[in-house]
Amino acid sequence: MEAELIDCPLKNENAHYKIDFTGNCEQAIKKADVLLLCNPHNPTGRVWTKDELHTLADMCLKYDTYIISDEIHCEFMMPGQHYTPFATIAEKGNRYCVMTSASKAFNIAGLQCANIFAPDPADHQLIDRAINIHEVCDPNMFGIVATIAAYNESEKWIDELNELIYNNYLLLSDFLEHNLPELKLTTMEGTYLAWVNIEQLGISAEQFCHDLSEKEHVIFNPSEMYGAKGYIRINLATSKEILTEALRRLKKFVSESYTRHT
1 MEAELIDCPL KNENAHYKID FTGNCEQAIK KADVLLLCNP HNPTGRVWTK
51 DELHTLADMC LKYDTYIISD EIHCEFMMPG QHYTPFATIA EKGNRYCVMT
101 SASKAFNIAG LQCANIFAPD PADHQLIDRA INIHEVCDPN MFGIVATIAA
151 YNESEKWIDE LNELIYNNYL LLSDFLEHNL PELKLTTMEG TYLAWVNIEQ
201 LGISAEQFCH DLSEKEHVIF NPSEMYGAKG YIRINLATSK EILTEALRRL
251 KKFVSESYTR HT
């Protein structure tokens, strides 16, 4: 039997995304058997607050909706932001599991090792069956060793990585403001993925990214991949030099291809 996807769009208020608790969110949870939560959120860069997560947990408890919380970006925080694991605020009776991995923050995705935390022992058998069916049940031994080292010995790496990403975020923000003001950067609280509005260019994000790749050999992700329109996603987990060159090519592409709106 195929699953039915129920969309639950976020609200965008002045380039800052929020969960629409007074609108579509409760109706979606009421209809759904499972809520897929992204905490922190990709691609908008939101870091959900304790209050937001508590409200979400209460709604899911009310309608007996199971929560699957994807927290793979939890190590990436902008200054002043604080990540709240869903498990720390889950109410008694909440049905949920939390998924994490060291693969993003420590660049070890090729070792294929991840974690699933589920408080209910009955869920363990269902999870075990699912990962066996899809043949992802046996972790890579190198991945286990690397994960232990990442979590126990690599705080300095995370601190330096977050500083690099924050500086790249400031670089991107300043560049767009002074060179491409028609492109609007969403406020970024976490992750390493910037969410940029290109609606003023009057072209789909998918076409924009295709043309940019073809003409300038720069690859960004179009928002159609994430069920949205009018945005591109830019990966900031790179060097200042690479990002600067990508932005130079982006400016050249926009200047040559679109009517400027300043």
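Note that the numbering used here numbers the sequence shown so that position 81 is 81, with each residue one more than the last.
No residue lacks a Cβ here, since even glycine has one placed at the ideal position from N, Cα and C.
Everything numeric in this text was worked out from a predicted model, so none of it was measured.
Inset, instruction - Inspect the beta-carbon positions of A150 and I89 and report whether they are closer than 8 Å. - result: no
Legend entry - Nearest-angstrom beta carbon gap, Y66 and Y17 [assumed within contact, 8 Å]: Their Cβ separation, rounded to whole angstroms, is 24 Å, which puts Y17 and Y66 out of contact at 8 Å.
Inset, instruction - Spell out a yes or no on whether the stretch 159 to 174 and the stretch 186 to 198 are touching, meaning 3 or more CB-CB pairs, one atom from each, closer than 8 Å. - result: yes
Inset, instruction - Note down the Cα distance separating C137 from A114, rounded to an integer number of angstroms. - result: 10 Å
Inset, instruction - Tell whether a beta-carbon distance below 8 Å holds between K229 and S257. - result: no
Inset, instruction - Put F117 into one of helix, strand or coil per three-state DSSP. - result: strand
Legend entry - CA-to-CA distance, D33 to D20, given in whole angstroms: 19 Å
Legend entry - Residue range of the beta strand (DSSP E) that includes S213: From DSSP, S213 is part of no beta strand (DSSP E) but of the alpha helix (DSSP H) over 205 to 216.
Inset, instruction - Out of S223, K50, F208, point me to the one whose CA is closest to H217's CA. - result: F208
Legend entry - First and last residue of the uninterrupted beta strand (DSSP E) at A194: 193 to 197
Inset, instruction - Classify L10 as helix, strand or coil using the three-state DSSP reduction. - result: coil
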